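J.: Right, I'll just put the structure down here and ask away after.
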Amino acid sequence: MATAREENVYMAKLAEQAERYEEMVEFMEKVVSASDGGEELTVEERNLLSVAYKNVIGARRASWRIISSIEQKEESRGNDDHVSSIKEYRSKIESELTSICNGILKLLDSKLIGSAHSGDSKVFYLKMKGDYHRYLAEFKTGPERKEAAENTLSAYKSAQEIATAELAPTHPIRLGLALNFSVFYYEILNSPDRACSLAKTGVR
Numbered sequence: 001m002a003t004a005r006e007e008n009v010y011m012a013k014l015a016e017q018a019e020r021y022e023e024m025v026e027f028m029e030k031v032v033s034a035s036d037g038g039e040e041l042t043v044e045e046r047n048l049l050s051v052a053y054k055n056v057i058g059a060r061r062a063s064w065r066i067i068s069s070i071e072q073k074e075e076s077r078g079n080d081d082h083v084s085s086i087k088e089y090r091s092k093i094e095s096e097l098t099s100i101c102n103g104i105l106k107l108l109d110s111k112l113i114g115s116a117h118s119g120d121s122k123v124f125y126l127k128m129k130g131d132y133h134r135y136l137a138e139f140k141t142g143p144e145r146k147e148a149a150e151n152t153l154s155a156y157k158s159a160q161e162i163a164t165a166e167l168a169p170t171h172p173i174r175l176g177l178a179l180n181f182s183v184f185y186y187e188i189l190n191s192p193d194r195a196c197s198l199a200k201t202g203v204r
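Position 139, counted from 1, in the sequence shown is what the UniProt record's numbering calls 139; the numbers after and before it change by one each time, with no gaps.
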């Protein structure tokens, strides 16, 4: 007889096949909750969690970019009525993005990072933490954007320190971290030179 944890992992895989990613997130959150005694997720489980959230957030990020692009076009044409409707719609998408990011960040801070023992799992979760703060920085403005950017930088730096000390230069997680860190410098901090040097370091 399968344990509740095994059953939820199976259901998460089923939801992935059906492309029902919101439900996949729910099943994987149950898996995380079931590992209360500081027990680490398996590599398969953490990858399923990552895929679930990546798809849920990815759809909204794509929507936000499309709506923002339309908003700019309508603004340039002076269609004020359309612009106000678009802003309202964009705000709805931003609320969803915020909720999703806060959900995974809470899981990372309250359970996953603390229970990580191996170097690769520590880097995996810290990279993930940086990624979701970066997604917040993509659409937040003012002090909220500044805070999200600072949190991204802090998480990526912590991940980089562990990756440099404990993971081979060709380790996929270390390479993924270098790539995402360079994207952060390029897109959020507008530092193309720093982005290029980080990317080059990652592939050496």
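Note that CB positions come from ideal geometry on N, CA and C, so glycine has one too. Every value quoted in this text rests on a predicted model; they were computed, and no experiment measured them.
So the candidates are ILE104, GLN160, SER95, ASP80; which of them puts its Cα closest to the Cα of VAL51?
T.: ILE104
J.: Since LEU126 and ILE113 are thought to touch, with beta carbons under 8 Å apart, how far apart are those beta carbons, to the nearest angstrom?
T.: 7 Å
J.: Sort ALA148, ALA2, PHE27 by Cα distance to LYS13 and report the nearest one.
T.: Of the residues ALA148, ALA2, PHE27, the one whose Cα lies closest to the Cα of LYS13 is PHE27.
J.: Once you ignore the five residues that flank TYR132 on each side, which residues in its own chain have a CB closer than 6 Å to its CB?
T.: CYS101, ILE104, LEU105
J.: So, SER115 versus GLU40, is the Cβ gap smaller than 9 Å?
T.: yes
J.: Below 8 Å, how does it come out for the stretch 116 to 124 and the stretch 161 to 172: are there three or more Cβ pairs, yes or no?
T.: By the C-beta criterion, the stretch 116 to 124 is judged to be in contact with the stretch 161 to 172, since at least 3 inter-stretch pairs fall below 8 Å.
J.: My assumption, with CB atoms under 8 Å, is that VAL43 sits in contact with TYR21. Please give the rounded CB distance.
T.: With a beta-carbon spacing of about 20 Å, VAL43 and TYR21 fall beyond the 8 Å limit used to define contacts.
J.: Distance, Cα to Cα, ASP80 vs MET24?
T.: Those two C-alpha atoms are separated by around 40 Å.
J.: Measure the C-alpha to C-alpha separation of TYR156 and ASN190 and round it to an integer number of angstroms.
T.: 17 Å
J.: May I ask you to verify whether the stretch 168 to 180 touches the stretch 137 to 145, counting CB pairs closer than 8 Å and requiring at least 3?
T.: As far as the Cβ criterion goes, the stretch 168 to 180 does not touch the stretch 137 to 145, which means the pair count is below three.
J.: What separation, rounded to the nearest whole angstrom, lies between the Cα atoms of GLY58 and ASN151?
T.: Roughly 20 Å between the two C-alpha positions.
J.: Starting from SER33, follow the alpha helix (DSSP H) in both directions and report where the run begins and ends.
T.: 21 to 34
J.: What separation, rounded to the nearest whole angstrom, lies between the Cα atoms of LEU177 and GLN160?
T.: 7 Å
J.: Mind checking GLU88: buried by the 16 CB within 10 Å criterion, or exposed?
T.: exposed
J.: For TYR185, is the classification buried or exposed, using 16 other Cβ atoms within 10 angstroms of its Cβ as the cut-off for buried?
T.: buried
J.: Tell me the rounded alpha-carbon separation between SER154 and SER110.
T.: 17 Å
J.: Would you mind working out which of ALA15, SER33, GLU16, SER95 sits nearest residue 205, comparing C-alpha positions?
T.: Residue 205 cannot be examined here, being either before or after the span of the chain that is shown, 1 to 204.
J.: Curious, which full-length beta strand (DSSP E) runs of at least 3 residues does the stretch 98 to 152 contain?
T.: Runs found: none.
J.: State buried or exposed for GLU19, treating a residue as buried only when at least 16 other CB atoms are found within 10 Å of its CB.
T.: exposed
J.: ALA52 lies in the alpha helix (DSSP H); which residues open and close that run?
T.: 43 to 77
J.: With a 10 Å radius around its C-beta and 16 neighbouring C-beta atoms as the bar for buried, classify GLY130 as buried or exposed.
T.: It counts as buried.
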